[in-house]
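Chemist: First, the structure itself, so that you have it in front of you.
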Amino acid sequence: MATLLELRGVTKAFGGLTVVDELDISVAEREIVSVIGPNGAGKTTIFNLITGVYRPDSGDILLEDRSLVGLSPHRITKRGVARTFQTLRLFLNMTVKENVMAAAYGHTRAGVARSILRTPGQRREEREIHRLAEERLAFFGDRLMGYRWNQPAYSLSYANRRRLEIARATATRPKILLLDEPAAGMNPVETHEITELIGRLRNEGGYTILVIEHDMHVVEGISDRVIALDHGEKIAEGSFEQVATDGRVVEAYLGLRKAETK
Amino acid sequence: MSEPNAPPLEGPGIGKDEWVARVEARTQSGLPGEIRRFLLALPPWARIALIAVPAACIPALTNNGYFLQVAIDTSLFVLLALGLNIAVGWAGLLDLGYIAFYGFGAYGYAMLASGHTGLHWQAEVAIPVVVVATALLGFLLGLPSWRLVGDYLAIVTLFFFQIFLTVVNNGQRIQLPFKKLEAGLTRGPNGISDVDPLNFFGWHLNSLREYLWLAVGAFVVVIGALYLVNESRTGRAWRALREDPLAAEVMSMPVNWLKLVAFAAGAGIAGLTGTIFAAEQGSVFPSNFDLALLITLYAMVILGGVGSIYGVVIGAVVINVSLEVLRTPAHASWLFFIGLVLVFPVILKSWRLRGLVVAGVIGFGFAVHGIVGALWSGGVDGSTTGEAWIDRLIDNWVLLPNDPTVIGRWAYVTLIAAVLGLTLLRGLWRAAAIVPVLYLAACVWENVLVLQPSVARYIMLGGMLVALMAARPQGLLGSPRVEIV
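What follows is the structure in structure tokens.
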């Protein structure tokens, strides 16, 4: 499998605090890779670095062998990287459908003048955006269907908001999806559902997925490969079993003494 | 991250979330809700026609220059409000420099078509040039919005507005490098007073009627274009940017570019409005573009409903017409008492209480009038200026002392204290306290404010805004916005 996303020696420090330190990650096409690690390990910072919210101090980030470093976030998204946010960042006062439609901005063309003139091309594009949004929302079964389309996003339940974030991210037509704690705040039934959903996103949607998750059931259920981080460094990488039993991972989560007594 | 208050999983097809139903019930209630429903049922062209056709018919009904002038001013305010709504309502950028674009458009036209510069450009050339130039200026002023948001952006844009005022006020000392002007760039506070009327391909616009039609035509074009933009990817991107700039950027929207486009589009509309204004007035003065205009404009946008194009139109019409009506004491009196009646539903929730309070205020008034009249005839000897039956009725209801100056001042201060005190009360106590407060308000109105229309109209405007904001924080036609849930 060809490598889709690659981080080479990426370092990011905030003041004196090095949050990500000489990190190498590579994700192959149609692979699901989980990133785990205790709070403050630098997981979300990696997402912010990949999507261009932060710029790495050193190192390089490559998507299909082309560097993303220095591009503004919307250009990176156009290249094929889409993400969700750990602290949901929906467009709360827009409707559910509009949330998804807005994300089609990057791969549509019609400007202000063409919108005012309603040219045939603009109309076609607009129909295409509607169709895309409906299709992306339909991916979630009846969770986001029907009357919910025209309701403001703030009316959705917490779990549905997480689903809508994923739908919105997929509407940018990404190659790789970065999911930041997709199961946070969900009950066991919903967590199970999201686990299946991530599998379907890969199998049916064809996306490559890099996911941050704390819920080990989810991680176990979805991951082709798991990367464990602590203090911005990779401390383990491999299958879920390999990483879960790794001494340094147990130490990072539980502390040294417990690791020794084990 | 854990979320202790995560709502329980809802099954599909159960129906509306209760919370949504409640929010909807709130937006759909009352007269504004009715208006909103009626408007939403109409197709967009019908909504626009509903506003434009009556406005265009005004010249058929009256030749009164004053009415036509008010209609033109209102149309110009509507255009300005629509332009301001782009940056403020859609893109969520607090732009306090907006009036500078309006002034720039007006002065721009005055430069291109007046005896001041000796240029006499045709309108079909001058208008596009002015609009494009103003839009470019909007682009420039948009640049700080890359780094600044909220209050900081507001201060920088307000500063820009002040620079504009300073430049036009001192323009008699500024000279263009390539062309020597007799009286400097802008003639300073004296203004440019020989601006050409608009001249399209040799057709001169001279009458108020023609300017009104031009303004209404501009309104139809602008609101139509804005409607289409709002329903396009750019409109969605603006709203996304208002909701969450970072998420919008990460969802492939070029936020910085969109901000500039929003500023430029609003500025272009302001420039167009300024052109019509300068040509219609035949002159431009720095005092045409003051802070009061900015505040009035914001009041229009907020009252109508930030982000709703029909809302800001209605806001502009309501406020400008109210301000005009309030100029004349006799009209102002009517508006005040209608206003009082409209305020009731806001303060009191049940019909029985409302009826009781109305009856109470009327009875209380006659009782107080009777008692004061018996004890001290000087306290009720004055009379209102009007001659209609309502004025005679008010004479017998409100205390009108011979010399209201001193008593009036005290009553005014007492009223403000009483209104503040009223906000501390709840339930029946509040209903009971409203009776004397309303009566006091009527007395203050008739004794003090009616005599000073220039002050009273802005106080009334403030009162209207406060009452409306208490009842409908989202404005007349705005949709309620949720910041954090």
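As you go down the protein sequences, you meet chains A and B in turn.
Residues in the first sequence are numbered consecutively from 286, following our numbering.
Residues in the second sequence are numbered consecutively from 52, following our numbering.
Here a beta-carbon is modelled for each residue, glycine too, at the ideal position from N, C-alpha and C.
Source: prediction; values computed, not measured.
Identify whether B:Glu61 lies in helix, strand or coil by the three-state DSSP scheme.
Modeler: Note on B:Glu61: pLDDT 43, under 50, position unreliable in the model; the coordinate value appears next. Three-state DSSP puts B:Glu61 in coil, outside helix and strand.
Chemist: Less than 9 angstroms separating the beta-carbons of B:Leu140 and B:Val363?
Modeler: At residue 140 of chain B the sequence reads Gly, which differs from the Leu that was named. It is a contact, given that the beta carbons lie within the stated cut-off.
Chemist: Report buried or exposed for A:Gly431, applying the criterion of at least 16 other Cβ atoms within 10 angstroms of its Cβ.
Modeler: Exposed.
Chemist: Taking B:Ala288 as the query, report the chain A residues whose CB atoms sit under 7 angstroms from its CB, ordered along the chain.
Modeler: Under the 7 angstroms cutoff, chain A gives Ala387 and Tyr390.
Chemist: For B:Ala521, does the count of other Cβ atoms within 10 angstroms reach 16, so buried, or fall short, so exposed?
Modeler: With fewer than 16 Cβ atoms within 10 Å of its Cβ, B:Ala521 is classed as exposed.
Chemist: What residues are listed by DSSP as bridge partners for B:His171?
Modeler: In the DSSP output, where bridge partners are listed per residue, B:His171 has B:Ala164.
Chemist: Any contact of the stretch 244–253 of chain B with the stretch 155–172 of chain B, i.e. 3+ C-beta pairs under 8 angstroms?
Modeler: With the cut-off at 8 angstroms, the stretch 244–253 of chain B and the stretch 155–172 of chain B touch.
Chemist: B:Ile510 bridges to which residues according to DSSP?
Modeler: None, per the DSSP bridge assignment.
Chemist: Could you spell out the range, first to last residue, of the alpha helix (DSSP H) harbouring A:Leu289?
Modeler: No alpha helix (DSSP H) holds A:Leu289; the beta strand (DSSP E) holding it covers Thr288 to Phe299.
Chemist: For B:Ile510 and B:Ala483, I'd like the C-alpha separation in whole angstroms.
Modeler: In a straight line, the C-alpha of B:Ile510 is about 25 angstroms away from that of B:Ala483.
Chemist: In terms of residue numbering, what span does the beta strand (DSSP E) encompassing A:Leu510 cover?
Modeler: With the sequence shown as reference, residue 510 of chain A is identified as Arg, and Leu is not the correct amino acid for it. Element bounds for A:Arg510: Arg510 to Asp515.
Chemist: For B:Ala321 and B:Leu131, what's the separation of their Cα atoms in angstroms?
Modeler: Each residue's alpha carbon lies about 6 angstroms from the other.
Chemist: Mind pulling the chain B residues with CB within less than 8 angstroms of A:Ile248?
Modeler: Absent from the structure is residue 248 of chain A, since the part of chain A shown begins at 286 and ends at 547.
Chemist: Can you find a C-beta in chain A that's less than 9 angstroms from the C-beta of B:Val181?
Modeler: For B:Val181, the answer is no, since every Cβ of chain A falls outside 9 angstroms of its Cβ.
Chemist: Within this structure, are the beta carbons of A:Ile461 and A:Leu495 separated by less than 9 angstroms?
Modeler: Cβ distance < 9 angstroms, so A:Ile461 and A:Leu495 count as in contact.
Chemist: Check B:Glu233 in the structure and name its three-state DSSP category.
Modeler: If DSSP states are grouped into helix, strand and coil, B:Glu233 belongs with coil.
Chemist: Is there a Cβ of chain A sitting closer than 9 angstroms to that of B:Ala291, yes or no?
Modeler: Yes, B:Ala291 counts as interfacial toward chain A.
Chemist: What does the alpha-carbon distance come out to for the pair B:Val372 and B:Arg378?
Modeler: Whole-angstrom Cα-Cα distance: 10 angstroms.
Chemist: Closer than 7 angstroms, Cβ to Cβ, to anything on chain A: give me those residues from the stretch 351–382 of chain B, in chain order.
Modeler: Answer in chain order: no residues at all.
Chemist: Short check: CB of A:Val381 to CB of A:Leu422, under 9 angstroms?
Modeler: In this structure, A:Leu422 lies closer than 9 angstroms to A:Val381 by Cβ.
Chemist: Measuring straight from C-alpha to C-alpha, what distance separates A:Asn445 and A:Glu481?
Modeler: About 15 angstroms.
Chemist: Could you name the residues of the same chain whose beta carbon sits closer than 7 angstroms to that of B:Gly429, not counting the 5 residues immediately before and after it, in chain order?
Modeler: Within the same chain, B:Gly429 has close Cβ partners Pro452 and Asn453.
Chemist: Which residues in chain A sit within 9 angstroms of B:Leu145, going by Cβ to Cβ distance?
Modeler: Ordered by position in chain A, no residue passes the 9 angstroms Cβ test against B:Leu145, which lies about 17 angstroms from the chain.
Chemist: In chain order, what residues of the same chain have a beta carbon less than 7 angstroms from the beta carbon of A:Val338, not counting five sequence neighbours either side?
Modeler: Within the same chain, A:Val338 has close Cβ partners Pro358.
Chemist: Determine whether the beta carbon atoms of A:Glu450 and A:Leu356 lie at a separation below 9 angstroms.
Modeler: Against a cut-off of 9 angstroms, the Cβ pair of A:Leu356 and A:Glu450 comes out as no contact.
Chemist: How would you label B:Lys570, buried or exposed, when you count the other beta carbons within 10 angstroms and need 16 or more for buried?
Modeler: No answer is possible for residue 570 of chain B: the residues shown for chain B start at 52 and end at 536.
Chemist: So what's A:Glu307 in DSSP terms, helix, strand or just coil?
Modeler: Residue state, collapsed to three classes: strand.
Chemist: Are three or more beta carbon pairs between the stretch 334–354 of chain A and the stretch 393–406 of chain A nearer than 8 angstroms?
Modeler: Contact fails: fewer than three Cβ-Cβ distances are below 8 angstroms.
Chemist: Quick one: grab the DSSP three-state call for A:Ala418.
Modeler: Three-state DSSP puts A:Ala418 in a helix.
Chemist: So the candidates are B:Leu450, B:Leu259, B:Glu282 and B:Trp254; which of them puts its Cα closest to the Cα of B:Trp119?
Modeler: The identity of residue 119 of chain B in the sequence shown is Leu, whereas the question assumes Trp. Closest by alpha carbon: B:Leu259.
Chemist: Are A:Ile361 and B:Leu279 closer than 9 angstroms when you measure CB to CB?
Modeler: The answer is no: Cβ separation not under 9 angstroms.
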